[in-house]
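Numbering-wise, our numbering comes out as the position in the sequence shown, counting from 1, plus 28. Structure first, then comments.
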Amino acid sequence: MGWSQLWQRKPVEALAEEAIPEALRLRRALGAPQLVFLGVGAIVGAGIFSTAGTAAAGGEHHVGAGPALVVSFLLVAVACGLAGLCYAELAALAPVSGSAYTYAYATLGELAAWIIGWDLILEYAIGNVAVAISWSDYFQSLLAGLGWEWPAWLGTDYRSAAAAARELADWIAQGKDVSALPLPTQHKAAALAEAPRWWGIPVVFNLPAVLIVALITWVLVRGIRESSAFNTGMVLVKLAVLGLFLAVGAWHVDPDNWTPFMPNGWTGVGHAAAIVFFAYIGFDAVSTAAEETREPQRNLPKGILGSLLVCTLLYVAVGLVLTGMVRWDRLSHVADPLAMAFEERGVAWARGVMALGAVVATASVLLVFQLGQPRIFFCMARDGLLPPWAARVHPRYRTPHVTTVLTGAAVAGVAAVTHIDEMVELCNIGTLFAFVVVALGVLVLRCLEPERPRPFRTPWVPWVPLGALGTCLWLMLQLPARTWVRFGLWLAVGLLIYLAYGRHRSRWRAAVAAESAAVPRLERGPR
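What follows is the structure, given as structure tokens:
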């Protein structure tokens, strides 16, 4: 088998629903409104409710944007808008599950499709880990507001607890007032002292993150229509909560907190943009539901672009109010910045409502991310690049139940023991890489098949795809070197799996080889 065959493209016609066996098809049940709600469900929450604090204040390996967080949001909105137009064209052209994996197969070939599919597994799974950790923090804040303290050793990971304990020790050594230390840090620092020990090792893990992932997994196995209805209800609650944050928080804004507006210059804005990019990745999850969408050529572009449009102004408004309520440098390592902002301003009742809304809101993010990843896994298995058991469809619910359960177990296990910051960075680089591939796919297919009918056409080609390429590559360069190393190792492992398994079992290349072998026999005629 020649290496050139690894770049063989799968024709768009082969991606049509009619080309998929009935037993391996999913149920079409979603319209444009449900797709917009799916997009908003993933977009609003993944960043605002978890990463805005770190983006504003900075972390161990990057500086923050400060109040210029809103500039970071606008920069990312431009990048995602350009990528969203590219997604819309390919989603309407190939309306089956798989998202960027499917598009790469049709435009860049099988090896590129494998690489992006393996990348998307990282994007969605790791993204869900980050949001599960954030959900756990909000859940614990809600319980604290109701007067019940969740055990610290069951609500965080070991490294976060150890870092908080070191920070607490430093404050005490410097003679600082411990009560001035953020409450989340104090709570995590108590985990090591309270934890039971097995063979001298403290037992510290994030139980709420495990429980919410298990619940979401069960809902997703039950069916796409049920999952969509569950998501719509949660999105309505989420938007109401953010409206409350803006209405109440605006009265507690101190304009002095916006000075200096850009404390770390454009370096801080760029690093923050790379972090808050996590807040926008929901729109590409819409494309993973293509095979479960009615009239996908019309409804998918509406869902992708509509969800982006709804969210950008809301993000800017929330960013302004958040950095106006709390000085930006107090938001470091805070996974629930909105609830913390009310806590800092002494608005106890609003803090409790915010925590309740965030518990519901981040659950909708979990649902959409968890919906997307198993469908990537499912499509790769349906094409023969992964084992056939991963392509099974539930006979009653018509969902990819095997990959859904497998993903849920993996996400729950990782969320129990990891820190939110490193998960966000890995998710972001995976998503940006997917956007780069989609933009390349639009350019390549326009060159190779310019006359092909396109239900939705990306405007101003090649400038829009080139703009998406440039902005996404720039955002990737803002991420820390250690994130690039981890990403490279993940892709290397995936390439080894493909070379050892996937390339020998590709159904599409096997069909092409069988057809090619049949042609000489027909030309020779019967013996």
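Think of the CB as a built atom: it goes at the ideal place given N, C-alpha and C, for glycine as much as any other residue.
Let me confirm a value: residue i is counted as buried when at least 16 other C-beta atoms fall within 10 Å, else exposed. Which label applies?
i	result
A201	exposed
G231	Note on residue identity: the sequence assigns Val, not Gly, to residue 231. Classification for V231: exposed.
W142	buried
P481	exposed
A528	exposed
L359	buried
D312	buried
W181	buried
D411	buried
K38	buried
E371	buried
In the structure shown, what three-state DSSP assignment does residue i receive?
i	result
P230	strand
T184	coil
V91	strand
L58	strand
G400	helix
R555	Caution is warranted here: a pLDDT of 44 is assigned to R555, below 50, making its placement in the model unreliable, and the coordinate value is therefore given only provisionally. Looking at R555 - three-state DSSP - the assignment turns out to be coil, as it is neither helix nor strand.
G86	strand
T287	coil
T321	strand
Where residue i and residue j are concerned, what is the direct C-alpha to C-alpha distance, given to the nearest angstrom?
i	j	result
W512	A444	24 angstroms
T402	K216	Before going further, note that residue 402 is Pro rather than Thr in the sequence given. Cα to Cα, P402 sits roughly 33 angstroms from K216.
R537	S100	44 angstroms
W377	L243	28 angstroms
L235	W163	11 angstroms
A383	G183	16 angstroms
V421	G81	40 angstroms
G145	V124	14 angstroms
A557	L54	This structure gives no information on residue 557, because the portion of the chain shown stretches from 29 to 555.
N156	A237	10 angstroms
W417	A409	8 angstroms
V247	V396	11 angstroms
L139	P478	23 angstroms
D147	V206	43 angstroms
W227	L220	14 angstroms
V489	L471	8 angstroms
V91	D357	10 angstroms
V388	E177	19 angstroms
L270	N285	21 angstroms
Going by Cα to Cα distance, which pick from the options is closest to residue i?
i	options	result
T260	F463, A60 and L471	A60
T24	C114, I154 and G67	Limits of the chain in this structure are 29 at one end and 555 at the other, which puts residue 24 out of reach.
E222	A301, I149 and P179	P179
D282	V72, L476, L267 and G352	G352
L454	L248, G271, L58 and L505	L505
G374	H280, V263 and A70	H280
L337	V104, G522 and F258	V104
H89	L196, H299 and T316	H299
For residue i, which residues from the same chain have a beta carbon less than 7 angstroms from its beta carbon, with the 5 sequence-adjacent residues on both sides left out?
i	result
G469	L118, Y131, A132, T135 and L136
L501	V464
Kindly list the residues whose CB is nearer than 6 angstroms to the CB of residue i, restricted to its own chain and excluding five residues on each side of it in sequence; keep chain order.
i	result
L113	T486 and V492
F484	A116, E117, A120 and P329
A96	F289, M290 and V297
F405	A418 and T431
S495	At residue 495 the sequence reads Gly, which differs from the Ser that was named. For G495, where only same-chain residues beyond five positions count, the Cβ hits under 6 angstroms are L110.
Counting only the same chain and skipping the five closest in sequence on each side, list residues whose C-beta sits under 8 angstroms from that of residue i.
i	result
R225	V231
G380	L170, G173 and L174
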